[in-house]
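So the structure is just underneath, and the comments pick up after that.
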Amino acid sequence: MRGALARFEPVIGLEVHAQLLTRTKLFCGCANRFGAEPNTLVCPVCLGLPGALPVLNRQAVTLALRAALATGCTVHEVSVFERKNYFYPDLPKGYQISQYERPLATSGSVAFTLADGAERRVRLTRIHMEEDAGKLLHEGFPWSGEKSGVDLNRAGVPLVEIVTEPDLRGPEEAHAYLTALRAILLYAEVSDGNMEEGSLRCDANVSIRPRGVATLGTRTEIKNLNSFRNVSRALEHELARQVAVVEAGGEVLQETLLWDPDRGETVSMRSKEEAHDYRYFPEPDLPPLVTGAEWVEEARRSLPELPAERRLRLATEYGLPGYDASVLTQERAVADYFEAAARSSGNPKATSNWVMTEVLRKLKEGGRGIASSPVPPAALAGLVRLIDAGTISGKTAKDVFERMWATGEPAAAIVEREGLTQLSDDSALEAIVAEAVASFPEQAASYRAGKTAALGWFVGQVMKRTGGRANPQRVNELLRRALAG
Ligand SMILES: [Zn+2]
Numbered sequence: 158m159r160g161a162l163a164r165f166e167p168v169i170g171l172e173v174h175a176q177l178l179t180r181t182k183l184f185c186g187c188a189n190r191f192g193a194e195p196n197t198l199v200c201p202v203c204l205g206l207p208g209a210l211p212v213l214n215r216q217a218v219t220l221a222l223r224a225a226l227a228t229g230c231t232v233h234e235v236s237v238f239e240r241k242n243y244f245y246p247d248l249p250k251g252y253q254i255s256q257y258e259r260p261l262a263t264s265g266s267v268a269f270t271l272a273d274g275a276e277r278r279v280r281l282t283r284i285h286m287e288e289d290a291g292k293l294l295h296e297g298f299p300w301s302g303e304k305s306g307v308d309l310n311r312a313g314v315p316l317v318e319i320v321t322e323p324d325l326r327g328p329e330e331a332h333a334y335l336t337a338l339r340a341i342l343l344y345a346e347v348s349d350g351n352m353e354e355g356s357l358r359c360d361a362n363v364s365i366r367p368r369g370v371a372t373l374g375t376r377t378e379i380k381n382l383n384s385f386r387n388v389s390r391a392l393e394h395e396l397a398r399q400v401a402v403v404e405a406g407g408e409v410l411q412e413t414l415l416w417d418p419d420r421g422e423t424v425s426m427r428s429k430e431e432a433h434d435y436r437y438f439p440e441p442d443l444p445p446l447v448t449g450a451e452w453v454e455e456a457r458r459s460l461p462e463l464p465a466e467r468r469l470r471l472a473t474e475y476g477l478p479g480y481d482a483s484v485l486t487q488e489r490a491v492a493d494y495f496e497a498a499a500r501s502s503g504n505p506k507a508t509s510n511w512v513m514t515e516v517l518r519k520l521k522e523g524g525r526g527i528a529s530s531p532v533p534p535a536a537l538a539g540l541v542r543l544i545d546a547g548t549i550s551g552k553t554a555k556d557v558f559e560r561m562w563a564t565g566e567p568a569a570a571i572v573e574r575e576g577l578t579q580l581s582d583d584s585a586l587e588a589i590v591a592e593a594v595a596s597f598p599e600q601a602a603s604y605r606a607g608k609t610a611a612l613g614w615f616v617g618q619v620m621k622r623t624g625g626r627a628n629p630q631r632v633n634e635l636l637r638r639a640l641a642g
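If you're matching positions, the sequence shown starts at 158 in my numbering and goes up one per residue.
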């Protein structure tokens, strides 16, 4: 693959569908909620019963506007809902209400950072609003072997579709863009970004072309990418497949592929449909959507500080390296947590280290969000202050942190009760050092004979005798003195 990519350039565009965080669906009053009993959140409108008429959800438009503004798109004062006609069992009306000719917004961009720190930017073609379809249930029921079920709770849930230009040059860029986009949607409270529950889904348009050639190759579209890992795997697989086809003298066919995560390959779903196959026409039951300046301004005012701005601010205000700032700002709640802890500890870099390593690790292990961390920011700051004051060693601090996580107790209480205070007091340490030297006369003699490595061995002995609580620098000094004498 590496060699092939020296000859061929990947060209990738992504279409992200994000469910909007509204209370109700896009055109009816049914609840927009994941996980309910199948077909309990439905009504004549979202079931597509004859005579039922759609009414547009204002909050959905406000959230779509926020998504557009947060990605620098131009919002169009007038956009038009259209019917996208196709038959599928999870689409009871036989068409999906979407936007086509006149979308809500066009031409924005999203900046993202690669693992090596390189900055990139992907152009957005458009953001439009549409309704979600229902869901086919192929497994999990006693009758699943013989038939499939359909759950229409999701039918009519509001979505924004965010379409990029074919600007992405490989799986790593696609992954980094998705990470940045998800962070923006979460910050702006447009979507919960939960890929497991399907509130963020992605289709990819993929082609290759010989390096140095400007024209685009024939593309395939991969559907059903429902995790970051699957996006990377599917793109890698599809790029390798296209290179193999071209190198064998064949041609890539324009088709729609389905990613099968269990088999780790793409399977052909249908030859690619063209827009005219959908017979789009303006939705006769809805007037054009007019978003005046006031509405757009209201949406703009409701936007919080976005990830890119916050990353810059954390780097300058707290003197953090760019890497730290980018990890800490991926989730708004994590950045909030860090800022609260750093202000209270007075040591931003040490606080950043604790958040990025221990706190995020424990959260990941427990599969929980930072809002439910058993160690709140003030408690983490307390731990950092104990280390900075020399009260506990860095090694002890790790154990104390584990106990804080398990019990929710503050660091100082654990240190006090369990007598974990670092031994920096010379008189106490001197006795232990003298005892260690006296217990091992042979090692002491070899040190005096010039075998300086024995010093490290003695440090180990003293640390053992103090249960790891001694200040290693003091131990070193006291040992040198004792061994010299
Ligand atoms: Zn409904």
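Glycine residues also receive a C-beta, built at the ideal position from the N, C-alpha and C atoms.
Source: prediction; values computed, not measured.
{"query": "Just reading off the alpha helix (DSSP H) that Val572 is part of, what are its end residues?", "result": "568 to 575"}
{"query": "Is Lys292 near ligand 1, judged by its Cβ being under 7 Å from some heavy atom?", "result": "no"}
{"query": "Report yes if the CB atom of Ile254 is closer than 8 Å to the CB atom of Ile284, and no otherwise.", "result": "no"}
{"query": "Buried or exposed for Gly291, please, with buried defined as at least 16 other CB atoms from any protein chain shown within 10 angstroms of its CB.", "result": "buried"}
{"query": "Pairs of beta-carbons, one from the segment 338 to 357 and one from the segment 456 to 471, closer than 8 Å: are there three or more?", "result": "yes"}
{"query": "So, with DSSP's three-state summary, where would you put Ser509?", "result": "helix"}
{"query": "On a CA-only basis, which of Thr181, Glu330, Arg240, Arg215 is nearest Asp434? Give me that one, please.", "result": "Arg240"}
{"query": "I need the DSSP call for Gly265, collapsed to helix, strand or coil.", "result": "strand"}
{"query": "Three or more C-beta pairs closer than 8 Å, one from the segment 541 to 553 and one from the segment 516 to 530: is that the case here?", "result": "no"}
{"query": "Tell me whether Lys182 counts as near ligand 1, meaning its Cβ is closer than 7 Å to at least one heavy atom of that ligand.", "result": "yes"}
{"query": "According to DSSP, simplified to helix, strand and coil, what is Ala497?", "result": "helix"}
{"query": "For Val402, collect the residues of the same chain with a Cβ closer than 6 Å to its Cβ; drop the 5 residues on either side in sequence, then sort them by chain order.", "result": "Val409"}
{"query": "Starting from the Cα of Val447, find the closest Cα among Gly192, Thr270, Arg259 and give me that residue.", "result": "Arg259"}
{"query": "Can Leu543 and Val572 be called in contact, C-beta distance under 8 Å?", "result": "yes"}
{"query": "Who are the Cβ neighbours of Phe438 in its own chain at under 7 Å, not counting the five residues just before and after it?", "result": "Glu239, Arg240"}
{"query": "Of the choices Thr423, Asn351, Val168, Pro211, whose alpha-carbon is the least far from that of Phe191?", "result": "Asn351"}
{"query": "By a C-beta neighbour count over all protein chains shown, 10 Å radius and 16 as the cutoff for buried, is Pro505 buried or exposed?", "result": "buried"}
{"query": "Where does Ser389 fall in DSSP's three states?", "result": "helix"}
{"query": "Rounded to a whole number of angstroms, what is the C-alpha to C-alpha distance between Gly565 and Asp273?", "result": "37 Å"}
{"query": "With a cut-off of 8 Å, do at least 3 Cβ pairs link the segment 208 to 218 to the segment 374 to 384?", "result": "no"}
{"query": "Going along the chain, which unbroken runs of the beta strand (DSSP E) with 3 or more residues stay wholly within the segment 344 to 403?", "result": "357 to 367, 377 to 382"}
{"query": "Of all the beta strand (DSSP E) runs that stay within the bounds of the segment 162 to 227, which reach a length of 3 or more residues?", "result": "165 to 176"}
{"query": "Is DSSP giving Leu660 helix, strand or coil here?", "result": "Nothing about residue 660 can be reported from this structure: the residues present for the chain run from 158 to 642 only."}
{"query": "On the DSSP letters alone, give me the boundaries of the beta strand (DSSP E) that Glu431 sits inside.", "result": "Careful: Glu431 lies outside any beta strand (DSSP E) and carries neither H nor E."}
{"query": "Return the chain-ordered list of same chain residues with a C-beta closer than 8 Å to the C-beta of Ser509, the five sequence neighbours on each side being excluded.", "result": "Tyr475, Leu477, Asp481, Leu485, Phe495, Ala499"}
{"query": "Let me have the residue list for ligand 1: C-beta closer than 5 Å to any non-hydrogen atom, ordered along the chain.", "result": "Cys185, Cys187, Cys200, Val202, Cys203"}
{"query": "Which runs of the beta strand (DSSP E), 3 residues or longer, sit entirely within the segment 554 to 625?", "result": "none"}
{"query": "Run through DSSP, which three-state label would Arg638 get?", "result": "helix"}
{"query": "Pair every Cβ in the segment 393 to 402 with every Cβ in the segment 195 to 210, then say whether three or more of these pairs are closer than 8 Å.", "result": "no"}
{"query": "I think Cys185 touches Gly313, with their Cβ atoms under 8 Å apart; what is that distance to the nearest whole Å?", "result": "6 Å"}
{"query": "Figure out for me which residue from Glu303, Pro367, Leu222 has the closest Cα to the Cα of Thr263.", "result": "Leu222"}
{"query": "From Arg680 to Arg489, what distance separates their C-alpha atoms?", "result": "No answer is possible for residue 680: the residues shown for the chain start at 158 and end at 642."}
{"query": "Using a Cβ-Cβ cut-off of 7 Å (strictly less than) and excluding sequence neighbours within five positions of Ala209, which residues of its own chain qualify?", "result": "Pro201, Val202"}
{"query": "Which residue comes first and which comes last in the alpha helix (DSSP H) that contains Tyr475?", "result": "464 to 475"}
{"query": "Is the Cβ-Cβ distance between Gly421 and His394 less than 8 Å?", "result": "yes"}
{"query": "Would the beta-carbon of Leu392 fall within 8 Å of that of Ala361?", "result": "yes"}
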